[in-house]
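The block underneath contains the structure these notes are about, expressed in structure tokens.
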Amino acid sequence: MPKVSSVIVPYTTYLRVYEPLAAFPEPERGHWARYARRPDRPSYQDELRRSLADLLPTPPVAVPVHESSDAFVLEIDGVLCVCPWRTRLRGWQALGELPEELPKPVLDAVLPEVVRRQAAQDYERWLARNPDARPWIRTSTWQVPLHWFVLVSDEERRFDKGSGEVPPMLRYRTPMVQARRRVARALRTLKDTIDAGPLIDGLVDVGRWLEEFHPRSLVELDYGGLVHTLPAGELEDDHSAADVADGIEALRQGDGTGAGEAYARLVERWRSVRDRRSAN
């Protein structure tokens, strides 16, 4: 498949769910079975390039006109698992979050208000016909949300330094049942030991999202383009999932000092990324 651009787009991290092929109804199941046999399946960078290309016309295309027919595909223990892109749905949802991320003058310059209003109206009409729709992919820019790390363990961490034109890779993969169990355990501890806040709210939200999928699904946390913002040594030494787990376990044991030390390690590790985000 030809690339829209040769530019590598960084700074986005991903939380993906891969569902077994049997979880999809026909005719979608047949489509994904055929798609999985294609040798030219695109990458996450291809998806980002297409999205950026849509912003170049005048007026810009805020959300793709048609839903993507692409997906990420894995084979786990002989079972084909699929993570549909659903780029159009995710674009609509991201558009609704932009006012919280960008000042209005900047937002108007990137996407004029009339374009945003039309996209919002299109989404309302579509959602009325598809009330149960949900994305298989969540994204975050310039960070990995701390509550994402609760879903995985350090033993599931996979790091590759990369070489030549191949960038480094850092990701975690875990069975859905494990991810749900960790969310439930962490919520019990946090609600018993700290005040309500972003960490608890984020866990409640992601827990509800995970419940929407087949129990034999696979959950993947991928640093994606964020690897381009971290020096190789820092990336190799990044064990944020272990620090989050240590902090929650310390709270469970009533060890406030240990929890504070784990949190301090996380703050120090991610300070350089926050600094780069502020500079941009």
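So in UniProt numbering, the last one in the sequence shown is 280, and the numbering has no gaps at all.
Glycine included, C-beta positions come from ideal geometry on N, C-alpha and C.
- Here His66 is exposed, its C-beta having fewer than 16 other C-beta atoms within 10 Å.
- In the structure shown, Pro84 adopts extended strand secondary structure according to DSSP, grouped into three states.
- As DSSP reads the structure, Ile76 sits in a beta bridge with Val79.
- The C-alpha of Val144 lies about 30 Å from the C-alpha of Trp126.
- If the five residues before and after Leu111 are omitted, its C-beta is found closer than 7 Å to the C-beta atoms of Pro60, Ala62, all from its own chain and listed in chain order.
- Under the 10 Å beta carbon count, Glu19 is surrounded by 16 or more other beta carbons and is classified as buried.
- Separation of Ala33 and Pro175 (C-alpha to C-alpha, rounded to the nearest whole angstrom) is 21 Å.
- The straight-line gap separating the alpha-carbon atoms of Val115 and Gly233 is approximately 43 Å.
- Here the stretch 190-199 makes no contact with the stretch 213-224; the two share fewer than three CB pairs at distances below 8 Å.
- Put simply, the backbone Cα of Gln93 is about 16 Å away from that of Thr12.
- When rounded, the separation of the alpha-carbon atoms in Pro131 and Ala120 is 15 Å.
- The stretch 197-214 makes contact with the stretch 167-182: 3 or more CB pairs, one atom from each, lie closer than 8 Å.
- Excluding five sequence positions before and after Arg252, the CB atoms of its chain that fall closer than 6 Å to its own CB belong to Thr189, given in chain order.
- With fewer than 16 neighbouring CB atoms inside 10 Å of its own CB, Glu26 falls in the exposed class.
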